[in-house]
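Residue numbers (the working numbering), protein chains in the order written: chain A, 15 to 480; chain B, 15 to 480.
Glycine included, C-beta positions come from ideal geometry on N, C-alpha and C.
Fair warning: this is a prediction, and the values are worked out from it, not measured in the lab.
Just below is one structure, and these are the notes that go with it.
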């Protein structure tokens, strides 16, 4: 009947899967992580490495007042209250302890400055020193090796194996699978003596599936995700009785570069420099049209509404935290100019309105109030006036699936018919739905993945049901 | 193996199910309709009986220029482009031929005036003479009897029976089921030699299921639907491999009365009088806050944003098409007043701002332009000035599920994994998802149900697969 057996079988080797593995391993010797790609880390490894935490040590140092309540409020406001408030609260409440866990137990290195991302009331975002999620997945993989947790690559989930009551007993996989070749590899049946934890991420690269959920997201809209971000494990979970939640709520990132593929290096430039310290303008008119620190949904809606190209502009002082600047310049994703005149000419922005836009914006910054669009003006926000100036051409790309399968506060997957837990079945991370509602805030994904990955690992290892 | 056999097994006896039955019966002698409730007609029978049709005879008589293209544009605009454009186009294109079919083949009787409902560019809505969907379901049931199509009541769908390739072979039901008692009745296996057509409607009354999809829709938010509008057949379809689409897009109706349960008689009063010929005001301020002819989503969003009670006010001339007025007055759902002063006192609306609101509105009506909120001002829209005046207290109620299972243009249910049709499986009406996107326009549901019910019935009867 079974080809292999483990106590805990985890599918997916990103933040959620690895966090689940490390936590489960504390009380359970037999844990395996299965990964369909040829490299571990999934989309987590190519993310920007931003972690939101409310009430963190850096906030204390900088005198920033924050709380889980305020973070939850921000999540619900951006999420248009589509969020499951109980699950969202858990992310906010456990954010700082989880951040500290990455530092103390994993040795993750963070920069000593916080970022203020759109939709957050205050700066609460930590940045890995290498400006990448790999700054977290690599130490996690090292720790897994130390603890003797195998990460089995090229292993594709095919389906969940359930008993007559619907309990998940194990999985059927293909070992030796070569993405994306269906049918490659050999079929194996793997028993999970305690539980299966699904942590396979979102489906932003599954153009057929995402278009069914939101027809606006046509083939020619790019994604920031790695090519493996497809829907087959979500489908397998639904076939096993999981409840699909809010699958049509799919986030576009407003900050990606028009001049490179995928997430690239430009996205982090926009997030760390262009949006917080610069202006976002319509290329055709030279005018601002939105608070640059709005949440992603508001920004994308505003950008799509202009129906035109958008450009972020920032000066010498504004790029001081833009750690990807060197790479951006090298790849031509960000361009550098000695004057606004030159910038306007190369980007074909009408000069007079652009100068007026910057003049009005600078005067708002000096006064400390953006009356036009309500952008928060903290003390470290300075006028755009010191050359060189920098610009990045933006285009919206599919970035995150807010929808997925429903879990409860213990990360147990809930049955679509009974609304009760499915025995032996846990999930965490982007594969789950309902935590972020209509719009996930930047830097909340890693927090969510780590928080619920750990919850899933801990509870699965101690699952009393078997 | 099987207890009973038919060529075509239809689940649900509302507009879509009955239309499918009548159409299938034209080429196929063995058709059955299964209905879980003790009466036929489902939610269709208690709806308002409004049918949208583009390019209709009444539009021609009244000189109203309309086209399927314009109707499609209206659907996509209200739907925020979440609509499947191919399916939405079919509804618009077949709207008039389907309306004529109800008149010519079924003998449905309509009033000789059109209504202009919110979100529609022009008046294009027919009204049944009895201001109820039963004006359509009753003639359909009569026709079914004539044609020898059995409508088997108290028969609950339990699950689809599929073969190893996933094709639908039949259904397991409970005969003698007494809603809502799970386990009542006897289990029977019914074979569908050609196909099963699912036409079971939405899940607006399934408080647990709808709240999972949209947590805002808590237990204490009422629904306009009949109690049988629950999710079990949707769940059964998903278990059989159907693709869930946009389940979180659930519509609240902005026009229901606070002073009665369900859809009641007040909803039609608001739709036929209060919104087109009156003003919608915030009770606390006495002010308008929205174009009364916006689509339902815009209206509900605006009403929830005020966070206060809303009231629609209309005068003697404005109620000339309000065919439920008598019942409304009798039940206390609509109140009648000799003066605005009296109306303001009873409803506790501040008088001075209310008088000013009506003065400004009347002057907009006279000028033919509503500069404040952009309400369309047709020729037959008159100032609010002639007593008696009428008011209705409004509250938002869950009304329609835009989401459901995915179908193609032939009404075939599509598999969640392969995106190809599931053999022997058709669906139509509110159980399907993706046609109306983020907001279904008033009077488009009946058109959709009849159009796709007929498509499903015709194609299922001629299904070449078996």
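- For residue 175/A, the enclosing beta strand (DSSP E) has its first and last residue at 169-176.
- When the five nearest sequence neighbours on each side are left out, the beta carbons in the same chain lying within less than 7 angstroms of the beta carbon of residue 157/B are those of 36, 120, in order along the chain.
- Inter-segment contact for the region 136-155 of chain A and the region 15-32 of chain B is absent: fewer than three beta-carbon pairs are separated by less than 8 angstroms.
- For the C-beta of residue 233/B, not a single chain A residue is nearer than 8 angstroms; the gap to the nearest is close to 14 angstroms.
- Nearest Cα to residue 130/A within the set 308/A, 324/A, 376/A: 308/A.
- By the Cβ criterion, the region 379-393 of chain B is not in contact with the region 402-417 of chain B, since fewer than three pairs of Cβ atoms, one from each stretch, lie closer than 8 angstroms.
- The beta carbon of residue 262/A sits closer than 7 angstroms to some beta carbon of chain B.
- Chain-ordered, the chain A residues with CB closer than 7 angstroms to the CB of residue 431/B read 249.
- Any Cβ of chain A closer than 7 angstroms to the Cβ of residue 52/B would place that residue at the interface, and such an atom is absent.
- Closer than 8 angstroms at the C-beta level to chain A, one finds these residues of the region 80-102 of chain B: 95, 96, 97, 98, 99.
- At a beta-carbon threshold of 7 angstroms, the residues of chain A lying near residue 222/B are 433, ordered along the chain.
- Using a Cβ-Cβ cut-off of 7 angstroms, residue 420/A counts as an interface residue toward chain B, since at least one Cβ of chain B sits closer than that to its own.
- Sequence-distant Cβ neighbours of residue 79/A in its own chain, meaning closer than 6 angstroms and more than five residues away, do not exist here.
- In summary, no residue of the region 103-116 of chain B has a CB separated from any CB of chain A by less than 9 angstroms.
- At a cut-off of 7 angstroms between C-beta atoms, residue 194/A does not count as an interface residue with respect to chain B.
- For residue 75/B, the closest C-alpha among the options 126/B, 353/B, 101/B, 476/B is that of 126/B.
- If only uninterrupted beta strand (DSSP E) runs of at least 3 residues are considered, those enclosed by the region 368-438 of chain B are 403-408, 411-415, 426-428.
- Note that the region 331-345 of chain B does not touch the region 294-314 of chain B; fewer than 3 beta-carbon pairs, one per stretch, sit closer than 8 angstroms.
- Separation of the CB atoms of residue 226/A and residue 420/B is rounded to 6 angstroms, and the pair is thereby assigned contact status at 8 angstroms.
- Per DSSP, the beta bridge partners of residue 124/B are 142/B.
- In chain A, no part has a C-beta under 7 angstroms from the C-beta of residue 153/B; the shortest such distance is about 35 angstroms.
- Burial state of residue 40/A is exposed, judged by a 10 Å Cβ sphere holding fewer than 16 other Cβ atoms.
- Close CB contacts of residue 211/B within its chain, under the 6 angstroms cut and outside five residues either way in sequence, are with 24, 34, 440, 470, 474 (chain order).
- For residue 329/A, DSSP records a beta bridge to 403/A.
- Between residue 98/A and residue 448/A, the gap from beta carbon to beta carbon is short of 7 angstroms.
- The C-beta distance from residue 149/B to residue 63/B rounds to 5 angstroms, short enough to meet the 8 angstroms contact threshold.
- At a C-beta separation below 9 angstroms, residue 259/B has these neighbours in chain A: 226, 227, 261, 262.
- Residue 229/B carries a coil assignment under DSSP once its states are collapsed to helix, strand and coil.
- Listed along chain B are 95, 96, each with a C-beta nearer than 8 angstroms to that of residue 230/A.
- For residue 208/B, the enclosing beta strand (DSSP E) starts and ends at 200-212.
- In this structure, the CA atom of residue 251/A is about 49 angstroms from the CA atom of residue 375/A.
- Below the 7 angstroms Cβ cutoff, chain A contributes 252, 430 as neighbours of residue 252/B, in chain order.
- Following the DSSP letters along the chain, one finds residue 83/A inside the alpha helix (DSSP H) bounded by residues 82-92.
- When beta bridges are read from the DSSP output, residue 349/B appears opposite 405/B.
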